[in-house]
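In this note's numbering, the protein residues as written are 306 to 588.
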């Protein structure tokens, strides 16, 4: 007589229908969204360009000081994200410049700048808006209360210092040499700094914009000051760029000789064509 033997399944034995992919967790990190990468790339590029421009206007040329400002700005964006919510990048940048210049100021290295100095240089930037430093979000409020807003100094004292004071103090005292500095991003900012022509603003015309470091020494120039000059000065510049009949200087390859190629307006071309037709009819 044969005894019936029941087959026992060990708890450690997996069922035959279970696949290996279900038992092994997927540890492959997800790829970041391309749109998000592009956004932060543009954000970093814009931030370093504006920081370099503001430091140049303030006379802050020390590279180590710029790296401290950039490290402080980067920390506020990465670890104090609430500072950026509903606020302007330039507001956080100006606060970073102020606090780093203040903690880095010594008797032998006078780099401290006041908020008045910073805002004065900020107003000199192209397309600068005073609303950026005059109306800064202080408190978002709630459904019953409207948001509280104030100037940049109020924002610094009431909000920025509470979030960044501990980090900023790492650049002072005995911990000064222990604080690692972030490298300045390379790319468009570095190329713009080395380009003698500045930033090109038009693909159709050879027009470049760069900070005015020294006044022009020649007499024949056109100047337009935003919110100050009359409209006729701007019209004169536009006419010079788009409608002027003149010559375009171009150097001959392999030599230092500069030749001029005539450029005509539509009316000038029409007159020449009419003259050519008249000559042919006379023949």
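Each residue gets a CB set at the ideal place from its N, CA and C atoms; glycine is no exception.
Is the beta carbon of residue i less than 8 Å from the beta carbon of residue j?
| i | j | result |
| --- | --- | --- |
| residue 439 | residue 363 | no |
| residue 487 | residue 379 | yes |
| residue 474 | residue 408 | yes |
| residue 388 | residue 461 | no |
| residue 427 | residue 383 | no |
| residue 381 | residue 401 | yes |
With 16 other CB atoms within 10 Å as the buried threshold, where does residue i fall?
| i | result |
| --- | --- |
| residue 397 | buried |
| residue 403 | buried |
| residue 484 | exposed |
| residue 619 | No statement about residue 619 is possible, as the shown extent of the chain runs from 306 to 588 and does not include it. |
| residue 423 | buried |
| residue 345 | exposed |
| residue 476 | buried |
| residue 550 | Low local confidence applies: a pLDDT of 47 at residue 550 is under 50, so the model's placement there is unreliable, and no value is given. |
Cα-Cα, which of the options is closest to residue i?
| i | options | result |
| --- | --- | --- |
| residue 468 | 385, 538, 413, 431 | 385 |
| residue 394 | 411, 350, 420 | 350 |
| residue 453 | 382, 442, 447 | 442 |
| residue 514 | 536, 458, 430, 435 | 430 |
| residue 527 | 463, 535, 422, 541 | 541 |
| residue 459 | 449, 434, 420 | 420 |
| residue 354 | 504, 390, 537, 511 | 504 |
| residue 436 | 537, 455, 448 | 455 |
| residue 491 | 339, 447, 338, 347 | 347 |
| residue 367 | 414, 512, 547, 343 | 414 |
| residue 509 | 342, 547, 432 | 547 |
Going by beta carbon distance, what residues of the same chain come within less than 8 Å of residue i, once the five residues before and after it are set aside?
| i | result |
| --- | --- |
| residue 371 | 356, 357, 360, 365, 489 |
| residue 559 | In this prediction, residue 559 scores a pLDDT of 48, lower than 50, which makes its location untrustworthy; no coordinate-derived value is stated. |
| residue 534 | 528 |
Could you name the residues of the same chain whose beta carbon sits closer than 7 Å to that of residue i, not counting the 5 residues immediately before and after it, in chain order?
| i | result |
| --- | --- |
| residue 539 | 529 |
| residue 545 | 527 |
| residue 392 | 441, 442 |
| residue 433 | 427 |
| residue 463 | 443 |
By Cβ distance, which residues of its chain are closer than 6 Å to residue i, with the 5 residues on each side in sequence left out?
| i | result |
| --- | --- |
| residue 405 | 373, 374, 377 |
| residue 579 | none |
| residue 410 | 416, 417 |
| residue 445 | 452 |
| residue 512 | 506 |
| residue 472 | 380 |
| residue 412 | none |
In the stretch 357-414, which residue ranges form an unbroken beta strand (DSSP E) of at least 3 residues, counting only runs that do not cross its ends? Taken in chain order, the complete beta strand (DSSP E) segments of 3 or more residues contained in the stretch 357-414 number zero; there are none.
Which ranges does the alpha helix (DSSP H) cover as unbroken runs of at least 4 residues, wholly within the stretch 460-486, from first to last along the chain? For the stretch 460-486, whole alpha helix (DSSP H) runs of length 4 or above, ordered along the chain, are 466-473.
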